[in-house]
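Only one structure is covered here, and it is reproduced in the block below.
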Amino acid sequence: MTAQRTYGGVSADERRAQRRSALLTAALEIIGTHGLGKLTVSGLCTAAGLNERYYYESFDSRDAVLTALIDSIAEELAATILTALRTAPDEPGAKAHAAIAAGIHLLTDDPRKAEVALIAGLATPELRARTNATVRAFARLVAAQGGDFYGVTDPSSAPLIDFRATYLVGGLVQTLTVWLQGDLTMSKEQLIEHTTEVFVLLGEDLARRFRA
């Protein structure tokens, strides 16, 4: 049994995870470079160097592949933002700038990730629902980090914090999408600076309201 489970020091579960990772890496390249329409089971398996039976080991549809890829990018994005927050100076502008710059750079330095997260993720109702859930998750992250930073503990502040965090994250997603499509004329650094100003403005205003 041990010999069946382990090959070359790698367990069956580890090999399965490696195959799944290879499929997601191939999906990122196909979607990010050629568009969602080019994603097929045979093309994906060829790009990953795997037999088609390994596709069905991890996924049952194209949407399942894209959902997993969106989740993977979201996890990387959250980790990157939290690391930036931890290492930034303890000042509102510095914290906001670090987090926003980290997120925008992750999505735009590798344009394939932006294509998946911001454009392909809207391809079907199911994917749009997943993308909306991801936006809400990041809004909760912003609300929690902002509340902790400003020391806002008044329970009555929760609805307004939730609203502003959702407004900020949703607005940033839409603005970044428009910018990537070339319909917003500014540099990446200008985009980061202007976004930082809006985040700090709404955060400072909320803090004044509930710390007074």
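Using the working numbering, the first residue of the sequence shown is number 1141, and each one after it goes up by one.
For every residue, glycine included, the Cβ atom is placed at its ideal position computed from N, Cα and C.
By the CB criterion at 8 Å, Ala1236 and Thr1315 fall outside the cutoff. Closest by C-alpha distance to Leu1225, out of Leu1312, Ile1213, Gly1243, is Gly1243.
Note that the C-beta distance between Ser1201 and Glu1192 is not below 8 Å. If you check the CB distance, Ile1240 and Ile1301 do not come in under 8 Å.
Only buried fits Val1256, as 16 or more other CB atoms lie within 10 angstroms of its CB. Our two residues, Gln1330 and Ala1234, have alpha carbons roughly 15 Å apart in a direct line. Per DSSP, Pro1251 is one residue of the alpha helix (DSSP H) stretching across 1251-1254. Taking a contact as a CB-CB distance under 8 Å, the pair Leu1342 and Leu1308 counts as one, their CB atoms being some 7 Å apart.
Here Arg1268 is exposed. Its C-beta has fewer than 16 other C-beta atoms within 10 Å.
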